[in-house]
Amino acid sequence: MRLPFALLAACVVFAQQKPPAEDPPELKALIDSDTAEVLRRINAVGPYEIPDLLLKKEQNYANTPADIEPYGAVKPYKEFFLLQMEYAGPGRTIPEPGPDLKTVKIGFIGPIMSTVSVATGGKSHEEALGVKMLQGARLAIEQANARGGYLRRKIPFEMVTVNDNGLWGASGNEIINMAYKDKVWAILGTIDGANSHIAIRVALKAEIVMLNTGDTDPTFIETNIPWVMRVIGDDRQQSYLLMDYIIRKMNYQRIGIIRSSNRYGRFGVREVMDTARRLQRPVLLEMAYKVGGEDYSLQLERLKAANLDCVIHWGDARESAIILNQMRKMGMNQPYFASDRTVSPEFTDLAGKNADGVMCGYPWNPDRQDPKLDEFRAAFRKRFGQEAETYAAHGYDGMNLLIWATQVAGLNRAKIRDILAYRSKPWPGVTGDIPFSAALDDLGEVFLARRENGAWKYHSREDLKVPRGFIPARDRVDRSTGTIVPKP
Amino acid sequence: MKLASTAILTVAAAGMLAAAGPPEKLPYVYTHWKQFTVADGLPNDHIFAVKVDGPRVWIGTENGLAMLDKRTGKIKTWTEKDGLPWRVVTGIAVHPKTGDVWLALFGGGLARLSGGRFDHWHQLNSGLVNDVVYAVAIENDNVWAATTAGASRYNTVTGEWTIFTEKNSPMEEIWNYGVNYADGKVHLAVWGSGILEYDIATGHWKEYLDPDKEMEIDLYRDDGIVHVITTGVSYIDGAMWVSTYFGASRYDGRHWRGYYNQDSGVPSDFMNNIKARSGNEAWFCTDKGLGAIMDFPTNTWVAYTRDPKKNTGIAVVSRDKQVLETVDTGLSVPHNFIISADVDGNDVWIGTSKGLAWGIGTDYYPGLRERGGAQ
Numbered sequence: 001m002r003l004p005f006a007l008l009a010a011c012v013v014f015a016q017q018k019p020p021a022e023d024p025p026e027l028k029a030l031i032d033s034d035t036a037e038v039l040r041r042i043n044a045v046g047p048y049e050i051p052d053l054l055l056k057k058e059q060n061y062a063n064t065p066a067d068i069e070p071y072g073a074v075k076p077y078k079e080f081f082l083l084q085m086e087y088a089g090p091g092r093t094i095p096e097p098g099p100d101l102k103t104v105k106i107g108f109i110g111p112i113m114s115t116v117s118v119a120t121g122g123k124s125h126e127e128a129l130g131v132k133m134l135q136g137a138r139l140a141i142e143q144a145n146a147r148g149g150y151l152r153r154k155i156p157f158e159m160v161t162v163n164d165n166g167l168w169g170a171s172g173n174e175i176i177n178m179a180y181k182d183k184v185w186a187i188l189g190t191i192d193g194a195n196s197h198i199a200i201r202v203a204l205k206a207e208i209v210m211l212n213t214g215d216t217d218p219t220f221i222e223t224n225i226p227w228v229m230r231v232i233g234d235d236r237q238q239s240y241l242l243m244d245y246i247i248r249k250m251n252y253q254r255i256g257i258i259r260s261s262n263r264y265g266r267f268g269v270r271e272v273m274d275t276a277r278r279l280q281r282p283v284l285l286e287m288a289y290k291v292g293g294e295d296y297s298l299q300l301e302r303l304k305a306a307n308l309d310c311v312i313h314w315g316d317a318r319e320s321a322i323i324l325n326q327m328r329k330m331g332m333n334q335p336y337f338a339s340d341r342t343v344s345p346e347f348t349d350l351a352g353k354n355a356d357g358v359m360c361g362y363p364w365n366p367d368r369q370d371p372k373l374d375e376f377r378a379a380f381r382k383r384f385g386q387e388a389e390t391y392a393a394h395g396y397d398g399m400n401l402l403i404w405a406t407q408v409a410g411l412n413r414a415k416i417r418d419i420l421a422y423r424s425k426p427w428p429g430v431t432g433d434i435p436f437s438a439a440l441d442d443l444g445e446v447f448l449a450r451r452e453n454g455a456w457k458y459h460s461r462e463d464l465k466v467p468r469g470f471i472p473a474r475d476r477v478d479r480s481t482g483t484i485v486p487k488p
Numbered sequence: 489m490k491l492a493s494t495a496i497l498t499v500a501a502a503g504m505l506a507a508a509g510p511p512e513k514l515p516y517v518y519t520h521w522k523q524f525t526v527a528d529g530l531p532n533d534h535i536f537a538v539k540v541d542g543p544r545v546w547i548g549t550e551n552g553l554a555m556l557d558k559r560t561g562k563i564k565t566w567t568e569k570d571g572l573p574w575r576v577v578t579g580i581a582v583h584p585k586t587g588d589v590w591l592a593l594f595g596g597g598l599a600r601l602s603g604g605r606f607d608h609w610h611q612l613n614s615g616l617v618n619d620v621v622y623a624v625a626i627e628n629d630n631v632w633a634a635t636t637a638g639a640s641r642y643n644t645v646t647g648e649w650t651i652f653t654e655k656n657s658p659m660e661e662i663w664n665y666g667v668n669y670a671d672g673k674v675h676l677a678v679w680g681s682g683i684l685e686y687d688i689a690t691g692h693w694k695e696y697l698d699p700d701k702e703m704e705i706d707l708y709r710d711d712g713i714v715h716v717i718t719t720g721v722s723y724i725d726g727a728m729w730v731s732t733y734f735g736a737s738r739y740d741g742r743h744w745r746g747y748y749n750q751d752s753g754v755p756s757d758f759m760n761n762i763k764a765r766s767g768n769e770a771w772f773c774t775d776k777g778l779g780a781i782m783d784f785p786t787n788t789w790v791a792y793t794r795d796p797k798k799n800t801g802i803a804v805v806s807r808d809k810q811v812l813e814t815v816d817t818g819l820s821v822p823h824n825f826i827i828s829a830d831v832d833g834n835d836v837w838i839g840t841s842k843g844l845a846w847g848i849g850t851d852y853y854p855g856l857r858e859r860g861g862a863q
């Protein structure tokens, strides 16, 4: 009587231990040897273990030159974001859903409908960007489905799309719904800095990846959340290049700022202000304006009186154009620099000839020669009848990265995070190579966009021979002795 | 006895207990632990909140509320099927006058369990500023809710709501994470805005920020809170204890002290929460274990971790970064990802991402003591 039971038990054990079905060749093609090793290790751990994986470790945060590091003469007691965060919870052992799953859901949150923004204190102004981001993400989903969808189960991906409504922190509620009700596997979004922060706080507790492709606020990533990553060059990187051009190359002495009175403007110019001060060219005047106005003469009169060498604008395209036009009308012919949002048809349509010579930081180079980029543009044009721009391209890259991670990791949020976080090589996006820093931020190259002869031209640091400050390979001051550690 | 038989003294490196010196004074180490999981009747193993109320222990999980009766060991649960307005319970407070249980619901607003019935407040039927509520606290007749878009205060007598945001308080950011009431002061831990202190008597706010104002560094350890991304606050004996995702801080009204893994016994700088027992003792919930500073003046810590391979654990006693002893505790915390904690007389309750732990401190003593062979 005991033998049959033993046999039965053995059969049950065998059935339970049956190796999983072999991955289809299309999936195998997505997994290089490094990723396979990450996969092997995260699949091997139990609920109480942390996988033994190499953490990214850096000597310098965000490639910041020594002369613009905060409190540059003093070694701080503690430097953050130099060692990659781990996820130490038990999420890797949560079993995958059963065979009745019909689609693999990935969340999208972005400003796609007119709404209210807490950041601007009124109507939001980011729908145009959000719709483009949505289109890029949607194209990536549709293409993945055309290639067979989620390859392990041969079921389609489904994008769960919600509007990023800034009113009363609604983005937090949307992440809750996606995480607990829609049961998405990862989320892409959003653009507004405040809403993005709200969203990632929820994602952290719900333990789900939040990948950002549109918020360039430097503080977004400076939160130590192991579930958060970004695939667009932020305002810190863009500011460094812009200020190197303004100060180290052009040697402008008298710098003024005009910016939107919202979170985008406030946080966007922080690195500009800090960099200028640390390079001993403190910004002489910073003027803020309320978004949506028509007349900025109040701010411009003061800027004009300051006798500036150049003016930097941080805000949306519409205001950028109006301000530039009013400046020129007032006889202010200083060079005009701006944040990346100025690089848009809305700006050039409004600014006309005044746009010539305007220079902006930019997170990528749309002129780069890359068949991937050409294919993406053609597909986008065919699908939407429009041209792809920055937010579309980054949305496309971000969603493709999430799709890749989901394909490779399987239906487990923690493993999807791991596959992204421990990726050893830059992601080959249509916007260029995207290398993650230890803080899982995009440390890819950023550019300067200059309006030349009625078109935007994108220049690298090397193109324009923009000097760069010394980036120390290790701590530059030994606190105990106060000596400068020589460059290795 | 367990301690005496299994303790591994690792003091050789420091020569702490040199033959000629006096016996080392050491903190109490919890070596008697009980664990509770789904197998014991919890609705879910992901324990976001734990709150002791006399013989009852209220447990907020990712999928329901539970109440453990310490006297009988029985667990009663409530899920959405039982009227709980939303499944994820991230904070719990018990009104000392009424015994009502107030629940912070992660995406579901605020709920009250009273007389076996749930009442529900949310963005659309009340002055609750947002439905993503991280924490709740009772202040006299008021209930404070820390939400992702500001703090709300509900007067349970008058029914009046007050909303606190950047418009009427010094919230640089409005992303509230923790709330605590003690000694006439409400403290809010605000992600990106440090700690805000509200004086009930005067209605005045005071803010505590990182003085260096930089996200990527802490210039000096003891000049203020170590970082503005705060996660919890606990005020007791005139001392304010603060947890962040970057380290911890303590402020006694005159002096600040910061704590990092690099200079103390805390297992990790990533801290989900904090619960202080006194001005000298506080428990930090980190992602890599439970860290308790047991004696503030000497910076003496005990860190509890579970063995990842088997259900036993160790407690590491350290002073600054120097390990004084390592104690095999047998059963310990059920998981090293610690999310919540509460102090219960001599005992402690610890919520983790895979179960609840009850640390029984029958012979607990505060501070340090010469232990001899056993504590």
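In the order they appear, the protein sequences are chains A and B.
The opening position of the first sequence corresponds to residue 1 in my numbering, with each subsequent residue numbered one higher.
The opening position of the second sequence corresponds to residue 489 in my numbering, with each subsequent residue numbered one higher.
Quick reminder that beta carbons are idealized off the backbone N, C-alpha and C, glycines included.
Residue j beta carbon less than 8 Å from that of residue i
i                      : j                      : result
residue 219 of chain A : residue 110 of chain A : no
residue 770 of chain B : residue 820 of chain B : no
residue 184 of chain A : residue 213 of chain A : no
residue 222 of chain A : residue 703 of chain B : yes
residue 405 of chain A : residue 133 of chain A : no
residue 179 of chain A : residue 775 of chain B : no
residue 616 of chain B : residue 593 of chain B : no
residue 538 of chain B : residue 837 of chain B : yes
residue 634 of chain B : residue 667 of chain B : yes
Supposed close pair residue i, residue j - CB separation, criterion 8 Å
i                      : j                      : result
residue 733 of chain B : residue 772 of chain B : Contact doesn't hold; Cβ gap of about 12 Å is too wide.
residue 622 of chain B : residue 665 of chain B : 5 Å
residue 188 of chain A : residue 107 of chain A : 7 Å
residue 755 of chain B : residue 777 of chain B : 3 Å
residue 458 of chain A : residue 794 of chain B : Rounded, the Cβ-Cβ distance is 53 Å, inconsistent with contact.
Where residue i sits in the DSSP three-state scheme
i                      : result
residue 404 of chain A : helix
residue 502 of chain B : Because residue 502 of chain B sits at a pLDDT of 38, beneath the cut-off of 50, its placement in the model cannot be relied upon, and the following sentence gives the value as read from the coordinates. Coil.
residue 845 of chain B : strand
residue 456 of chain B : The structure shown has nothing for residue 456 of chain B, since chain B only spans 489 to 863.
residue 857 of chain B : strand
residue 361 of chain A : strand
residue 374 of chain A : helix
residue 251 of chain A : coil
residue 73 of chain A  : coil
residue 556 of chain B : strand
residue 574 of chain B : coil
residue 2 of chain A   : Here residue 2 of chain A scores only 40 on pLDDT, less than 50, and its place in the model is too uncertain to base an answer on.
residue 227 of chain A : coil
residue 394 of chain A : helix
residue 604 of chain B : coil
residue 495 of chain A : Absent from the structure is residue 495 of chain A, since the part of chain A shown begins at 1 and ends at 488.
What residues in the segment 53 to 66 of chain A have a beta carbon less than 7 Å from any beta carbon of chain B?
61
Please list, in chain order, the residues of the segment 574 to 591 of chain B that have any C-beta partner in chain A closer than 9 Å.
574, 575, 576 and 578
In chain order, what residues of the segment 273 to 290 of chain A put their CB closer than 7 Å to some CB of chain B?
none
Residues of the segment 213 to 225 of chain A in Cβ contact with chain B at a cutoff of 9 Å, in chain order, please.
The residues in question are 218, 219, 222, 223, 224 and 225.
Taking Cβ-Cβ distances below 7 Å as the criterion, which residues of the segment 153 to 175 of chain A are in contact with chain B?
168, 169, 172 and 173
Would you check if the segment 202 to 210 of chain A and the segment 161 to 178 of chain A touch, i.e. whether three or more CB-CB distances between them fall below 8 Å?
yes
Whether or not the segment 342 to 357 of chain A and the segment 302 to 321 of chain A are in contact is what I'm after, with contact meaning three or more pairs of Cβ atoms, one per stretch, closer than 8 Å; do they touch?
A contact between stretches requires three or more CB pairs, one per stretch, nearer than 8 Å, and the segment 302 to 321 of chain A meets this requirement with the segment 342 to 357 of chain A.
How do the segment 447 to 463 of chain A and the segment 254 to 262 of chain A stand: do at least 3 beta-carbon pairs fall below 8 Å, yes or no?
Result no; under three Cβ-Cβ pairs closer than 8 Å.
The segment 674 to 708 of chain B: which residues have C-beta closer than 8 Å to a C-beta of chain A, in chain order?
Contact annotation: in the segment 674 to 708 of chain B, residues whose CB is within less than 8 Å of a CB in chain A are 679, 680, 700, 702, 703, 704, 705, 706, 707 and 708.
Residues in the segment 90 to 103 of chain A with C-beta within 7 Å of chain B's C-beta atoms, listed in sequence order?
Hits within the stretch, in order: 90.
Hey, is the segment 232 to 243 of chain A in contact with the segment 264 to 283 of chain A, meaning 3+ C-beta pairs nearer than 8 Å?
yes
Closer than 8 Å is the cut-off here; do at least three beta carbon pairs connect the segment 372 to 391 of chain A with the segment 63 to 79 of chain A?
Touching, no.
Would you call the segment 836 to 851 of chain B and the segment 528 to 535 of chain B touching, i.e. three or more CB-CB distances under 8 Å?
yes
Along the segment 17 to 49 of chain A, what residues have a CB closer than 9 Å to any CB found in chain B?
45, 46, 47, 48 and 49
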